[in-house]
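Working notes for the structure below.
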Amino acid sequence: MTKQDSSLQSQNPISSAQNSVDNVHQAVNHAMSHPTPQTLQEARNAIGKAENSLEQATDQSDAPAVQQAIESLAEDEARLQSLE
536 MTKQDSSLQS QNPISSAQNS VDNVHQAVNH AMSHPTPQTL QEARNAIGKA ENSLEQATDQ
596 SDAPAVQQAI ESLAEDEARL QSLE
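According to the working numbering, the sequence shown is numbered sequentially starting from 536.
Written out as structure tokens, the structure reads:
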């Protein structure tokens, strides 16, 4: 996985949450294509980080972007659970 250059992005709670959810999507895709205990754990770890980021973002805003990130995370969690 390539890491995005964070210096080019605004690091507010909403963008951090969106980045975390993007990382979950990548991790879940990887786990689905290569379902090993390690990739599954990496996806679960990414979900935990994204949940924390989303919690901070929702404390500051109820912007549509936050709602969309929450929905995207829920979809990826469901996809991961289908593997487990």
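Glycine included, every Cβ here is placed at the ideal spot set by N, Cα and C.
- For Asp597, the number of other beta carbons within 10 angstroms of its own is below 16, and it is reported as exposed.
- Taken atom to atom, the span from the alpha-carbon of Asn580 to that of Ser550 is near 19 Å.
- Scanning His569, Asn587, Ala592 and Gln561 for the CA closest to the CA of Glu619 turns up His569.
- When C-alpha distances from Glu606 are compared across Ala552, Leu575, Gln595 and Gln573, the shortest belongs to Ala552.
- Per DSSP, the continuous alpha helix (DSSP H) segment holding Ser551 begins and ends at Pro548 to Ser568.
- Cβ neighbours of Ala578 within its own chain (closer than 6 Å, five residues either side excluded): Ala562, Val563, Ala566 and Leu615.
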